[in-house]
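Protein chains: 2
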Amino acid sequence: MPGEKVILALSGGPDSMALLSVLRELADKIGFMIIAAHLNHGLREEADEEARFVEDYCRLQGIPCYVKKEDIKEIAARRKKSLEEAGREERYRFFRELKKELSAHRIATAHHKDDLAETVLHHIIRGTGIKGLRGIMPVNGDLIRPLLAVTRREIEAYLEQKGIPYCIDQSNYEPVYLRNRIRHELIPYLREEFNPRLVEALCQLAYIARIENEVLEEEASKYWQEALRLKEEGKIVLDVPLLSRLHPAYQHRIIIQALKEIRGGEEGDISLKEVMEVAGLLGKTGSSRVLHLSGGVKVNKAYQELIISRKREEVEPYCYQVEIPGEIYVPEQDAFYVFSVTDIDKLDKNGVIAYLDYERLRFPLFIRSRRPGDIFRPRGLKGSKKVKDFFIDEKIPLHERDKIPLLAAEDKIYAILGIRVAEEAAVNNATQKVLVIKKRGK
Amino acid sequence: MPGEKVILALSGGPDSMALLSVLRELADKIGFMIIAAHLNHGLREEADEEARFVEDYCRLQGIPCYVKKEDIKEIAARRKKSLEEAGREERYRFFRELKKELSAHRIATAHHKDDLAETVLHHIIRGTGIKGLRGIMPVNGDLIRPLLAVTRREIEAYLEQKGIPYCIDQSNYEPVYLRNRIRHELIPYLREEFNPRLVEALCQLAYIARIENEVLEEEASKYWQEALRLKEEGKIVLDVPLLSRLHPAYQHRIIIQALKEIRGGEEGDISLKEVMEVAGLLGKTGSSRVLHLSGGVKVNKAYQELIISRKREEVEPYCYQVEIPGEIYVPEQDAFYVFSVTDIDKLDKNGVIAYLDYERLRFPLFIRSRRPGDIFRPRGLKGSKKVKDFFIDEKIPLHERDKIPLLAAEDKIYAILGIRVAEEAAVNNATQKVLVIKKRGK
Chain A
1 MPGEKVILAL
11 SGGPDSMALL
21 SVLRELADKI
31 GFMIIAAHLN
41 HGLREEADEE
51 ARFVEDYCRL
61 QGIPCYVKKE
71 DIKEIAARRK
81 KSLEEAGREE
91 RYRFFRELKK
101 ELSAHRIATA
111 HHKDDLAETV
121 LHHIIRGTGI
131 KGLRGIMPVN
141 GDLIRPLLAV
151 TRREIEAYLE
161 QKGIPYCIDQ
171 SNYEPVYLRN
181 RIRHELIPYL
191 REEFNPRLVE
201 ALCQLAYIAR
211 IENEVLEEEA
221 SKYWQEALRL
231 KEEGKIVLDV
241 PLLSRLHPAY
251 QHRIIIQALK
261 EIRGGEEGDI
271 SLKEVMEVAG
281 LLGKTGSSRV
291 LHLSGGVKVN
301 KAYQELIISR
311 KREEVEPYCY
321 QVEIPGEIYV
331 PEQDAFYVFS
341 VTDIDKLDKN
351 GVIAYLDYER
361 LRFPLFIRSR
371 RPGDIFRPRG
381 LKGSKKVKDF
391 FIDEKIPLHE
401 RDKIPLLAAE
411 DKIYAILGIR
421 VAEEAAVNNA
431 TQKVLVIKKR
441 GK
Chain B
1 MPGEKVILAL
11 SGGPDSMALL
21 SVLRELADKI
31 GFMIIAAHLN
41 HGLREEADEE
51 ARFVEDYCRL
61 QGIPCYVKKE
71 DIKEIAARRK
81 KSLEEAGREE
91 RYRFFRELKK
101 ELSAHRIATA
111 HHKDDLAETV
121 LHHIIRGTGI
131 KGLRGIMPVN
141 GDLIRPLLAV
151 TRREIEAYLE
161 QKGIPYCIDQ
171 SNYEPVYLRN
181 RIRHELIPYL
191 REEFNPRLVE
201 ALCQLAYIAR
211 IENEVLEEEA
221 SKYWQEALRL
231 KEEGKIVLDV
241 PLLSRLHPAY
251 QHRIIIQALK
261 EIRGGEEGDI
271 SLKEVMEVAG
281 LLGKTGSSRV
291 LHLSGGVKVN
301 KAYQELIISR
311 KREEVEPYCY
321 QVEIPGEIYV
331 PEQDAFYVFS
341 VTDIDKLDKN
351 GVIAYLDYER
361 LRFPLFIRSR
371 RPGDIFRPRG
381 LKGSKKVKDF
391 FIDEKIPLHE
401 RDKIPLLAAE
411 DKIYAILGIR
421 VAEEAAVNNA
431 TQKVLVIKKR
441 GK
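Written as structure tokens, this is what we have:
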């Protein structure tokens with residue numbers, strides 16, 4: 001990786017501070033460049049202090065450092081996710097955006113052996129297949145985890161030996177987080193009562209699962225190519241005679257792949273039960289068999305074809321003109337959007353879903369659904385993007401995309417409400433008047 | 001399976017009593033025959049009572065029932081195994097012998113979903129690969145587990161509904177057994193604190209591991225055939241260029257196979273570390289590389305060959321004549337063997353490693369090592385067997401076979417001391433005088 005730019009996820013905690021030190025030594029030898037990135041979750045009192053610590057340390061060490069603040073609590077509430085999940089999503093989103101902006105090559109995170117063991121155990125308890133047993137991958141696309149082969153204890157010893165400063169994240173000890181209970185309760189209990197070498201055992205299982213999954217995946221993707229007769233939005237057609245000849249292990253992997261692509265969600269959301277039901281169709285004789293799965297997915301075996309489709313909810317396009325100040329009811333969201341204008345220094349972000357630079361907007365404004373060809377420049381990104389691609393990148397499920405409200409002028413999209421504002425409308429240092437948008441139920 | 005004979009492992013506990021009832025219903029419909037088998041471990045006070053319960057119940061129901069008593073405590077001590085392990089080994093040995101004797105086709109055990117989940121969890125904690133995640137197989141050679149898809153609770157409900165009697169094994173509640181701690185402490189804790197559907201999650205993982213392991217195993221065994229250049233006692237030669245081209249997942253499985261065959265032990269005894277070391281040899285250049293593994297196994301990469309061999313300990317053949325009564329020191333065992341004759345009604349089995357029907361023996365007797373062509377008729381078996389094959393069936397590691405002492409007359413083997421006596425010398429109803437053999441250290 002000589003000449004590459006590596007973005008380092010730097011929380012300021014012991015693990016990432018150790019990784020920074022390790023990478024710096026390597027960077028000189030190999031000749032790559034480190035860029036630190038810190039997302040301030042704004043969740044704890046010390047959050048701002050930690051952001052400052054990271055910035056100061058990087059300045060002293062001559063490492064470029066990017067810090068961004070997000071209100072994770074608000075985002076989690078909006079997306080109905082846990083703080084952990086929303087935090088992780090926003091961190092990776094920030095790193096990915098930065099990577100694009102800086103034309104960087106990789107993102108390094110400081111996950112170590114104990115993290116790996118905790119993840120594997122978490123997946124096992126929650127329910128998983130071979131893929132989930134891999135836990136955390138040492139290399140996964142643009143992500144690298146250089147510390148995955150060392151333990152937390154080894155990292156602590158390294159920090160002490162080198163005299164490297166770090167912050168302690170108190171929330172790591174709060175037992176409300178499932179991960180913390182696995183770390184501080186379950187693993188110590190299993191180590192003491194059952195196997196002192198538990199972490200090692202789980203990491204070895206992860207390694208075996210990783211290499212064995214790799215060959216299974218390779219084979220399965222060959223079969224997928226062979227079995228795929230048609231793929232279009234909301235519809236996948238597979239070859240029944242070919243699938244029938246495959247070992248159930250491959251049938252399952254191909255069915256999972258198909259359901260994942262149709263639903264647009266995560267693999268973990270697919271149950272073994274439904275996979276087995278679909279596989280069961282293959283053996284059924286008779287001209288036509290139909291299966292209705294959750295999320296409006298229909299599986300139809302018709303002669304030689306297995307047709308997996310999703311009923312597309314017909315959402316009528318909508319468009320409502322906005323009055324400022326004023327409020328408007330959007331039936332597609334079953335909610336009111338409330339618009340007002342305020343001075344930047346009087347801005348209160350409470351309950352606000354978006355705020356824009358009032359003086360940079362053109363009027364009239366509309367709340368409307370997306371239209372083919374819509375283009376948008378997400379804040380923080382340099383270029384423009386098709387709204388369709390933005391939805392895909394944001395992993396917005398297909399069936400929601402036509403309902404999501406955009407805020408737009410005649411020929412410009414200023415915001416995807418609740419998700420992102422456009423660069424052209426974003427508040428900046430020059431902003432004086434702010435358009436504030438709130439949302440409330442009926 | 002119409003016309004087949006199925007041996008049912010009948011402990012008398014709830015699970016096996018339920019299985020008996022289920023199988024009886026099926027037996028009439030499908031037309032197979034049930035034979036009950038009960039091994040009395042002699043471990044608890046109630047053991048004899050339970051054996052009688054099983055016999056009485058079977059008699060009433062018209063089911064043939066075979067009961068055998070073994071001193072598991074003594075066997076466990078002799079083999080340096082846990083009571084659990086020794087008990088399991090002896091049970092399966094008894095079932096297998098009975099199967100042979102009665103020309104039966106299958107052995108049915110009453111393992112259920114909770115047993116499966118406990119086994120999977122036990123393997124995970126102890127350390128395992130994909131194979132170990134399978135836990136208990138629904139069908140494994142001649143073994144069948146018809147209840148593997150139902151839970152303990154479902155079995156209890158079935159027993160109550162049908163009014164079927166059963167015994168309760170108190171030792172199932174003793175927390176000294178690891179299995180019981182997993183059952184009564186760990187699983188309830190994980191269910192309450194982490195996932196109420198834990199058993200389901202573990203059983204699904206076992207299922208996925210089972211089908212995915214199957215395809216991996218199929219592929220690996222093809223590659224094994226291709227890569228195997230030579231296989232003889234204590235030596236396996238594999239093709240290096242072929243192995244090098246394989247995915248690490250297959251390299252590992254082939255190396256495990258080779259080490260298993262060379263060591264003659266269980267797969268679980270092979271560590272990932274040594275497998276990776278052997279795989280590491282493949283990539284090493286240079287003419288010759290040697291690796292010394294535990295158990296005297298040597299792995300040698302020489303040009304195009306990977307030679308896995310086990311240094312055969314040269315044990316000189318030995319033969320000592322026995323005086324009766326009297327004692328003899330056997331240096332190969334570093335132990336004395338003490339011989340005496342007693343009346344059958346004065347027989348005290350304490351500390352005895354073998355006892356034979358004195359009047360059926362021919363003299364003089366010898367303690368000696370095995371010789372090529374030795375033949376032996378193990379007690380309980382109908383036919384004769386080569387001693388070599390007996391050792392293989394008993395999974396006696398290769399390097400121990402030349403040391404094990406046989407008790408023999410000029411042309412007859414009466415016992416493999418500490419392991420089995422011959423049918424011709426075994427004590428039976430007609431026996432009056434007993435040759436008692438004890439063993440003691442120097």
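Chains A and B are the protein sequences, given in the same order.
Once you know that position 53 of the first sequence is 53 in full-length UniProt numbering, the rest is easy, because the numbers rise by one and skip nothing.
Once you know that position 48 of the second sequence is 48 in full-length UniProt numbering, the rest is easy, because the numbers rise by one and skip nothing.
Cβ coordinates follow ideal geometry from the N, Cα and C atoms, glycine included.
In this text, all values refer to a predicted model and were calculated from it rather than measured experimentally.
Taking Cβ to Cβ, would you say residue i is nearer than 8 angstroms to residue j?
i: Ala110 of chain A; j: Ser16 of chain A; result: yes
i: Ala35 of chain B; j: Leu143 of chain B; result: This sequence places Ile at residue 35 of chain B; Ala is not what is there. No, they are not a contact pair.
i: residue 476 of chain A; j: Pro248 of chain A; result: Chain A is shown from 1 up to 442; residue 476 of chain A falls before or after that span and cannot be answered.
i: Val240 of chain A; j: Leu272 of chain A; result: no
i: Ala201 of chain A; j: Ile125 of chain B; result: yes
i: Lys113 of chain A; j: Cys203 of chain A; result: yes
i: Ala408 of chain B; j: Arg368 of chain B; result: yes
i: Ile136 of chain A; j: Thr119 of chain A; result: yes
i: Lys439 of chain B; j: Ile375 of chain B; result: no
i: Tyr337 of chain B; j: Glu327 of chain B; result: yes
i: Ile155 of chain A; j: Leu147 of chain A; result: yes
i: Leu306 of chain A; j: Leu238 of chain A; result: yes
i: Val330 of chain A; j: Asp402 of chain A; result: no
i: Pro364 of chain A; j: Gln321 of chain A; result: yes
i: Tyr66 of chain A; j: Ala37 of chain A; result: yes
i: Tyr414 of chain B; j: Ala425 of chain B; result: yes
Hey, is residue i's beta-carbon within less than 8 angstroms of any beta-carbon in chain B?
i: Leu198 of chain A; result: yes
i: Leu272 of chain A; result: yes
i: Asn195 of chain A; result: yes
Terminal residues of the continuous beta strand (DSSP E) containing residue i?
i: Ala27 of chain B; result: Per DSSP, Ala27 of chain B belongs to no beta strand (DSSP E) and is neither H nor E.
i: His38 of chain B; result: 33-40
i: Ala354 of chain A; result: 352-357
i: Ile328 of chain B; result: 326-330
i: Lys68 of chain B; result: 65-69
i: Tyr320 of chain A; result: 319-321
If you measure from the beta carbon of residue i to each beta carbon in chain A, is any gap under 8 angstroms?
i: Tyr250 of chain B; result: yes
i: Ile211 of chain B; result: yes
i: Ile208 of chain B; result: yes
i: Val215 of chain B; result: yes
i: Leu205 of chain B; result: yes
Determine the extent of the alpha helix (DSSP H) in which residue i is found, giving its start and end residues.
i: residue 449 of chain A; result: Residue coverage of chain A in this structure runs from 1 to 442, which leaves residue 449 of chain A outside it and unanswerable.
i: Tyr57 of chain A; result: 47-61
i: Gln161 of chain A; result: 152-162
i: Cys167 of chain B; result: Looking at the DSSP string, Cys167 of chain B is not in any alpha helix (DSSP H), and its letter there is neither H nor E.
i: Glu193 of chain A; result: 187-193
i: residue 443 of chain A; result: Only positions 1 to 442 of chain A appear in this structure, which leaves residue 443 of chain A out of reach.
i: Ile7 of chain B; result: From DSSP, Ile7 of chain B is part of no alpha helix (DSSP H) but of the beta strand (DSSP E) over 5-9.
Quick one: list the residues of chain D neighbouring residue i, beta-carbon separation under 8 angstroms, in chain order.
i: Ala201 of chain B; result: No chain D appears in the structure shown, which is made up of the protein chains A and B.
Which complete beta strand (DSSP E) runs does the region 229-253 of chain A hold, if anything under 3 residues is left out? Within the region 229-253 of chain A, the runs of beta strand (DSSP E) that reach at least 3 residues and sit entirely inside it are, in chain order, 235-239.
Which of the residues in the region 103-134 of chain B, read from start to end, lie with their CB under 7 angstroms from any CB of chain A? Of all residues in the region 103-134 of chain B, Ile124, Ile125, Arg126, Gly127, Thr128, Gly129, Ile130 have a Cβ within less than 7 angstroms of some Cβ in chain A.
Residue ranges of each beta strand (DSSP E) run of no fewer than 3 residues wholly in the region 255-306 of chain A, ordered along the chain? 288-293, 297-302, all fully within the region 255-306 of chain A.
Looking at chain A, which residues of the region 227-254 of chain B have a Cβ within less than 8 angstroms of any of its Cβ atoms? Going along the region 227-254 of chain B in chain order, one finds His247, Pro248, Ala249, Tyr250, His252 with a Cβ nearer than 8 angstroms to chain A.
Ignoring anything shorter than 4 residues or poking outside the region 92-148 of chain A, list the alpha helix (DSSP H) runs there in chain order. Runs of the alpha helix (DSSP H) inside the region 92-148 of chain A: 113-126, 130-133.
Which of the residues in the region 284-307 of chain B, read from start to end, lie with their CB under 9 angstroms from any CB of chain A? Within the region 284-307 of chain B, no residue qualifies.
Beta carbons nearer than 7 angstroms to chain A: which residues of the region 144-162 of chain B have them? Listed by position along the chain: nothing, the set is empty.
Residues of the region 17-48 of chain B in Cβ contact with chain A at a cutoff of 8 angstroms, in chain order, please. If the cut-off is 8 angstroms between Cβ atoms, the region 17-48 of chain B has nothing near chain A.
Complete beta strand (DSSP E) runs within the UniProt domain "Lysidine-tRNA(Ile) synthetase C-terminal" (365-437) of chain B (minimum length 3 residues, chain order): When DSSP assignments are scanned along the UniProt domain "Lysidine-tRNA(Ile) synthetase C-terminal" (365-437) of chain B, the uninterrupted stretches of beta strand (DSSP E) that are 3 or more residues long and fall wholly within it turn out to be 365-368, 406-409, 412-416.
Using a beta-carbon distance cut-off of less than 9 angstroms, what residues from the region 175-193 of chain B approach chain A? Going along the region 175-193 of chain B in chain order, one finds Leu178, Arg181, Ile182, Glu185, Leu186, Tyr189, Leu190, Glu193 with a Cβ nearer than 9 angstroms to chain A.
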